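K.L.:
Number of protein chains: 2
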Amino acid sequence: MDPRTREHAAVLVDWSARIEPGDNVVLQVAEGAHDLAVAVAEKLGERGANVVSGYASDEVTRAYLRAHDGDFDEDPAHELALYRNADSVLFLGGGRNAAATADVPGEKRQALARATEGAREARMATDWVSTVHPTRALAQRAGMAYEEYRDFVYEAVLRDWESLAGEMAKLKEILDAGSEVRIVKEDPDGDGGSGPSRRTDVTMSIEGRTAVNSAASVAYDSHNLPSGEVFTAPYAAEGTAFFDVPMTISGKRVRDVRLSFEGGEVVDFAAGQNEDVLADLLDTDEGARRLGELGVGTNRGIDRFTDNVLFDEKMGDTIHLAVGRAYDACLPEGEEGNRSAVHVDLITDVSENSRVEVDGEVVQRNGRFRWEEGF
Amino acid sequence: MDPRTREHAAVLVDWSARIEPGDNVVLQVAEGAHDLAVAVAEKLGERGANVVSGYASDEVTRAYLRAHDGDFDEDPAHELALYRNADSVLFLGGGRNAAATADVPGEKRQALARATEGAREARMATDWVSTVHPTRALAQRAGMAYEEYRDFVYEAVLRDWESLAGEMAKLKEILDAGSEVRIVKEDPDGDGGSGPSRRTDVTMSIEGRTAVNSAASVAYDSHNLPSGEVFTAPYAAEGTAFFDVPMTISGKRVRDVRLSFEGGEVVDFAAGQNEDVLADLLDTDEGARRLGELGVGTNRGIDRFTDNVLFDEKMGDTIHLAVGRAYDACLPEGEEGNRSAVHVDLITDVSENSRVEVDGEVVQRNGRFRWEEGF
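Protein chains in written order, with this note's numbering: chain A, 2 to 376; chain B, 2 to 376.
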């Protein structure tokens with residue numbers, strides 16, 4: 002076993018999930034995550050937690066879904082009872098084929114999700130954490146060699162989280178106190194004529210909203226490992242945003258997305274590839290045309306895009322805006338934010354020609370923060 | 002996938018577990034049983050059952066147990082709730098290393114078993130079935146090539162169970178009506194002098210006991226696939242039994258066991274190898290020196306011993322006696338049979354020089370039954 006797998010397990014159990022003696026833990030193990038499961042089980046044994054291990058196999062799920070007639074029972078009692086009696090759920094991702102469920106009709110997947118909404122809520126009510134074990138399938142999706150990809154994953158996961166949490170607290174403080182965010186990125190190739198503008202200049206309100214310091218720990222309302230982002234729930238967006246990072250939406254690659262906002266709503270859009278997928282997304286429901294999230298990636302252990310949103314949106318020197326559902330953690334008690342059946346992150350690289358302003362003051366310029374550069 | 006894996010899944014789901022629409026099923030998947038899990042999930046989807054998949058990994062269990070201090074919580078709520086709300090539990094065995102837990106101290110395993118006795122009872126209260134997917138590790142333990150072992154397993158599993166159940170019903174009828182069983186096997190090498198006698202001549206009472214027609218289906222109180230045995234709970238054994246099939250007891254190979262009974266209790270014993278393991282077994286508790294089971298193997302698809310009791314004790318033309326715990330299904334309502342913390346099967350080949358008598362009438366001779374041969 003790669004010695005970093007044990008370090009990964011220690012971060013997951015101690016920093017992220019804060020497992021304590023007597024905790025009832027559900028360990029969900031993807032097909033390729035066996036080694037991490039062994040390392041996590043060792044840590045859980047040391048801590049005196051109680052473990053039920055689940056087999057989160059894409060191929061088992063595919064076979065079941067394809068064979069089922071689609072009329073799923075609502076929240077089967079055994080599944081619901083398992084999660085309702087769990088303190089923590091640890092998802093160890095890492096498949097052997099990232100396209101393993103490619104031939105499962107989307108409607109069937111959605112029908113199962115709708116039928117088991119109660120079980121999902123019960124899972125989300127625990128101290129859950131999602132992480133990923135590096136597999137060859139994920140390396141392939143990232144366009145990387147296996148050894149190279151393992152280095153990439155551990156660089157992202159094995160951070161000094163306590164120190165990063167301290168850094169991110171500064172940004173959270175600024176966003177919590179602020180009213181308006183403006184994101185500007187000049188178009189480097191802008192020649193005022195040939196091709197569409199790649200320029201971003203978008204403004205949104207964050208008045209009354211609370212930012213989450215997503216430091217990869219349930220103690221910070223943060224449920225991903227790796228994490229490394231500060232996010233909030235913006236509204237009333239105006240202007241245009243260009244997203245230069247390719248995304249996979251509904252299984253299809255979408256590039257060079259441009260969204261134009263008026264009064265918080267997307268009024269115009271374009272994409273350089275698979276624009277119809279973007280159009281379908283924005284047509285899902287009313288909330289799909291409004292923003293649900295503004296996130297600032299702060300994990301500088303992530304140095305490239307790997308077609309995996311768990312990593313991509315956390316990359317240092319990036320900003321993401323999500324259309325669709327807002328997270329409750331960002332909303333004042335009792336207030337309903339943007340609602341939608343979808344939440345899709347779109348990412349832009351802000352390491353160059355960029356600035357982020359809060360109430361007219363520059364907070365980040367070309368990926369560097371005010372407190373780093375002293376501007 | 003081997004097409005027989007799908008046939009195996011169909012037998013498991015339809016004949017053995019009798020899965021119906023809406024059943025809440027827990028699928029426990031060993032490390033090497035992935036293909037069978039996929040095939041079973043497909044069947045469960047077709048039937049409209051609801052599935053929670055568990056990862057029954059020996060290596061995960063080993064890591065957890067070794068790291069734990071041994072002071073286990075009693076029946077963790079999430080595990081208990083899962084099984085209490087399940088209709089069926091399907092155990093898909095098939096490890097990648099049959100010795101994967103060899104360095105886990107026995108006391109720790111026993112401590113966990115004691116602490117989670119309630120969860121075990123909840124599992125056993127469902128329509129549970131244990132089966133096994135052929136893996137290279139099991140082939141190795143059986144001393145067989147992988148392809149050869151797969152043929153062996155499917156020959157044992159893919160029987161005409163309905164027809165075998167009909168055959169076994171005849172034996173059950175005889176045992177249910179009978180009072181006394183005598184098993185005799187001549188010593189083929191018996192020369193009245195050199196070496197210990199390998200002769201068996203043992204008599205036991207079965208008066209008032211009920212035989213189980215173990216036809217690999219919960220509909221027959223039978224929870225193993227493959228199965229193929231008729232068993233009951235004998236008492237008051239007298240005489241000597243020799244077991245020529247090697248057994249693994251507490252992880253050690255024990256050969257050529259001889260037990261002598263007086264008044265139902267073992268009064269003398271010997272073994273050709275690891276006799277101390279046998280001595281420890283018999284010393285476990287008072288019940289460990291008395292019989293808990295007499296079983297007649299009837300699965301002629303099993304043509305050799307493979308160091309796996311799930312198969313060995315079902316082999317056609319064999320008889321097994323277990324020291325230790327008796328099964329409730331064989332006992333009259335309210336009557337307590339032999340009690341013990343152990344139940345260890347010892348097997349003898351009765352294909353030659355042998356006969357089984359019930360109340361003085363020969364029922365089986367050299368492996369052939371009365372109704373087959375007309376005696």
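Glycine included, each C-beta is placed from N, C-alpha and C at the ideal position. Given the structure is predicted, the values throughout are model-derived calculations rather than measurements.
Considering only C-alpha positions, which residue in the set B:294, B:286, B:272, B:233 is nearest to residue 342 (chain B)?
P.N.:
As a working mapping, residue 342 (chain B) is identified with position 341 in the second sequence. The option with the nearest alpha carbon to residue 342 (chain B) is B:286.
K.L.:
With 7 Å as the C-beta to C-beta threshold (strictly closer), list the residues of the region 95-111 of chain A near chain B in chain order.
P.N.:
Cβ contacts with chain B: none found.
K.L.:
What distance in whole Å lies between the Cβ atoms of residue 225 (chain A) and residue 217 (chain A), which are believed to be in contact at a cut-off of 8 Å?
P.N.:
In the first sequence, counting from the first residue as 1, residue 217 (chain A) sits at position 216. In the first sequence, counting from the first residue as 1, residue 225 (chain A) sits at position 224. At roughly 6 Å, the Cβ-Cβ gap stays under 8 Å, so residue 217 (chain A) and residue 225 (chain A) are in contact.
K.L.:
Helix or strand or just coil, what does DSSP make of residue 20 (chain B)?
P.N.:
By 1-based counting over the second sequence, the position of residue 20 (chain B) is 19. Note: residue 20 (chain B) maps to coil in three-state DSSP.
K.L.:
Could you tell me the alpha carbon to alpha carbon distance between residue 173 (chain A) and residue 51 (chain A), rounded to whole angstroms?
P.N.:
Looking up residue 173 (chain A) in the first sequence gives position 172. Looking up residue 51 (chain A) in the first sequence gives position 50. In a straight line, the C-alpha of residue 173 (chain A) is about 35 Å away from that of residue 51 (chain A).
K.L.:
Locate the beta strand (DSSP E) running through residue 371 (chain B), then write down its first and last residues.
P.N.:
Start at 1 with the first residue of the second sequence, and residue 371 (chain B) comes out as number 370. Here residue 371 (chain B) belongs to no beta strand (DSSP E); instead the alpha helix (DSSP H) covers 371-374.
K.L.:
Spatial neighbours of residue 99 (chain B) within its chain, please: CB distance less than 6 Å, with the 5 preceding and 5 following residues excluded, ordered by chain position.
P.N.:
Your numbering for residue 99 (chain B) matches position 98 in the second sequence. The answer, listed in chain order, is 138, 142.
K.L.:
With 9 Å as the C-beta to C-beta threshold (strictly closer), list the residues of the region 57-71 of chain A near chain B in chain order.
P.N.:
Going along the region 57-71 of chain A in chain order, one finds 57, 58, 60, 61, 62, 63, 64, 65, 66, 67, 68, 69, 70 with a Cβ nearer than 9 Å to chain B.
K.L.:
Return the first residue and the last residue of the beta strand (DSSP E) that residue 215 (chain B) is part of.
P.N.:
Position 214 of the second sequence, counted from the first residue, corresponds to residue 215 (chain B). Here the beta strand (DSSP E) through residue 215 (chain B) covers 213-215.
K.L.:
I believe residue 54 (chain B) touches residue 27 (chain A) by the beta-carbon criterion, under 8 Å. Please report the beta-carbon distance rounded to the nearest angstrom.
P.N.:
By one-based count along the second sequence, residue 54 (chain B) stands at place 53. By one-based count along the first sequence, residue 27 (chain A) stands at place 26. With 8 Å as the limit, residue 54 (chain B) and residue 27 (chain A) do not qualify as a contact, their Cβ atoms being about 12 Å apart.
K.L.:
Could you tell me which chain B residues have their CB closer than 7 Å to the CB of residue 52 (chain A), listed as they occur along the chain?
P.N.:
The residue given as residue 52 (chain A) occupies position 51 in the first sequence. Here the neighbours are 65.
K.L.:
Under 7 Å Cβ-Cβ, which residues of chain B neighbour residue 77 (chain A)?
P.N.:
As a first step, residue 77 (chain A) must be located in the first sequence, where it is residue number 76. The contacting residues are 25, 51.
K.L.:
Which residues in chain A have a C-beta closer than 7 Å to the C-beta of residue 74 (chain B)? List them in chain order.
P.N.:
Position 73 of the second sequence, counted from the start, is the residue given in the question as residue 74 (chain B). Near residue 74 (chain B) (Cβ distances below 7 Å), the residues of chain A are 23, 51.
K.L.:
DSSP three-state call for residue 332 (chain A): helix, strand or coil?
P.N.:
Position 331 of the first sequence, counted from the start, is the residue given in the question as residue 332 (chain A). Residue 332 (chain A): coil per DSSP, three-state reduction.
K.L.:
Tell me residue 1 (chain A)'s beta-bridge partners as DSSP assigns them.
P.N.:
Examination of residue 1 (chain A) is not possible in this model, given that chain A is present from 2 through 376 alone.
K.L.:
With a threshold of 7 Å between beta-carbons, can residue 80 (chain B) be considered close to chain A, or not?
P.N.:
On the second sequence, position 79 is the one that residue 80 (chain B) refers to. Cβ-Cβ to chain A under 7 Å: yes for residue 80 (chain B).
K.L.:
Contact between the region 108-118 of chain A and the region 85-104 of chain B: three or more CB pairs below 8 Å?
P.N.:
Segments in contact, no.
K.L.:
Count the other C-beta atoms from every protein chain shown that fall within 10 angstroms of the C-beta of residue 126 (chain B), then say buried if there are 16 or more, exposed otherwise.
P.N.:
Here residue 126 (chain B) is taken as the residue at index 125 of the second sequence, counted from 1. By the neighbour-count rule (16 or more Cβ atoms within 10 Å), residue 126 (chain B) is not buried but exposed.
K.L.:
At what residue ranges does the region 260-288 of chain A contain a whole run of the beta strand (DSSP E), taking only runs of 3 or more?
P.N.:
Listed in chain order, the complete beta strand (DSSP E) runs (minimum 3 residues) inside the region 260-288 of chain A are 266-271.
K.L.:
What in chain B is Cβ-close to residue 354 (chain A), meaning under 7 Å?
P.N.:
Translated into positions along the first sequence, residue 354 (chain A) becomes position 353. The contacting residues do not exist; residue 354 (chain A) stays about 48 Å from chain B at best.
K.L.:
Closest Cβ-Cβ distance between residue 83 (chain B) and chain A: below 7 Å?
P.N.:
Numbered from 1 along the second sequence, position 82 holds the residue referred to as residue 83 (chain B). Chain A, which has a Cβ nearer than 7 Å to the Cβ of residue 83 (chain B), makes this yes.
K.L.:
For residue 6 (chain B), name the three-state secondary structure that DSSP assigns.
P.N.:
The count along the second sequence starts at 1 and reaches residue 6 (chain B) at position 5. Note: residue 6 (chain B) maps to helix in three-state DSSP.
K.L.:
What does DSSP give as the partner residue(s) for residue 202 (chain A) in the beta ladder?
P.N.:
Here residue 202 (chain A) corresponds to residue number 201 of the first sequence, with the count starting at 1. Its beta-bridge partners are A:185, A:241.
K.L.:
Who are residue 236 (chain A)'s beta bridge partners in DSSP?
P.N.:
Within the first sequence, numbered from 1, the residue matching residue 236 (chain A) stands at position 235. In DSSP, residue 236 (chain A) forms a bridge with A:206.
K.L.:
Excluding the 5 residues preceding and the 5 following residue 336 (chain A) in the sequence, name in chain order all residues of the same chain whose CB lies nearer than 8 Å to its CB.
P.N.:
As a position in the first sequence, residue 336 (chain A) is number 335, starting the count at 1. The residues are 209.
K.L.:
Checking 7 Å against the spacing of the C-beta atoms, do residue 349 (chain A) and residue 320 (chain A) come in under that value?
P.N.:
Here residue 349 (chain A) is taken as the residue at index 348 of the first sequence, counted from 1. Here residue 320 (chain A) is taken as the residue at index 319 of the first sequence, counted from 1. Yes, the Cβ-Cβ distance between residue 349 (chain A) and residue 320 (chain A) is below 7 Å.
K.L.:
Got a sec: is the Cβ-Cβ distance from residue 219 (chain A) to anything in chain B below 7 Å?
P.N.:
Taking the first residue of the first sequence as 1, we reach residue 219 (chain A) at position 218. Output row for residue 219 (chain A): interface = no.
K.L.:
Residue 291 (chain B) to residue 267 (chain B), Cα distance in whole Å?
P.N.:
Looking up residue 291 (chain B) in the second sequence gives position 290. Looking up residue 267 (chain B) in the second sequence gives position 266. Those two C-alpha atoms are separated by around 6 Å.
K.L.:
What does a CB cutoff of less than 6 Å around residue 49 (chain B) pick up in its chain, not counting 5 residues either side in sequence?
P.N.:
Taking the second sequence and counting its residues from 1, one reaches residue 49 (chain B) at position 48. Around residue 49 (chain B): 22.
K.L.:
Using only CA atoms, which one of B:307, B:323, B:353 lies nearest to residue 151 (chain B)?
P.N.:
As a position in the second sequence, residue 151 (chain B) is number 150, starting the count at 1. When only C-alpha atoms are compared, the closest one is B:307.
K.L.:
Using a Cβ-Cβ cut-off of 7 Å, state whether residue 30 (chain B) counts as contacting chain A.
P.N.:
Within the second sequence, numbered from 1, the residue matching residue 30 (chain B) stands at position 29. Chain A contact via Cβ: present.
K.L.:
Whose Cβ in chain A lies nearer than 7 Å to the Cβ of residue 45 (chain B)?
P.N.:
In the second sequence, the residue the question calls residue 45 (chain B) occupies position 44. Ordered by position in chain A, the residues that pass the 7 Å Cβ test against residue 45 (chain B) are 65.
K.L.:
Name the residue from A:36, A:155, A:203 whose alpha carbon lies nearest to the alpha carbon of residue 227 (chain A).
P.N.:
Your numbering for residue 227 (chain A) matches position 226 in the first sequence. The shortest Cα separation from residue 227 (chain A) among A:36, A:155, A:203 belongs to A:155.
K.L.:
Given a threshold of 16 other Cβ atoms within 10 Å of its Cβ, counted over all protein chains shown, does residue 372 (chain B) qualify as buried or as exposed?
P.N.:
For this step, residue 372 (chain B) is matched to residue 371 along the second sequence. Result: exposed.
K.L.:
Report the residue from B:37, B:57, B:67 whose alpha carbon sits nearest the alpha carbon of residue 45 (chain A).
P.N.:
As a first step, residue 45 (chain A) must be located in the first sequence, where it is residue number 44. Checking every option, the nearest Cα to that of residue 45 (chain A) belongs to B:67.
K.L.:
Keeping to the same chain, check which residues put their C-beta closer than 6 Å to that of residue 213 (chain B); ignore five residues upstream and five downstream.
P.N.:
Counting from 1 along the second sequence, the entry for residue 213 (chain B) is found at position 212. Result list for residue 213 (chain B): 222, 232, 330, in chain order.
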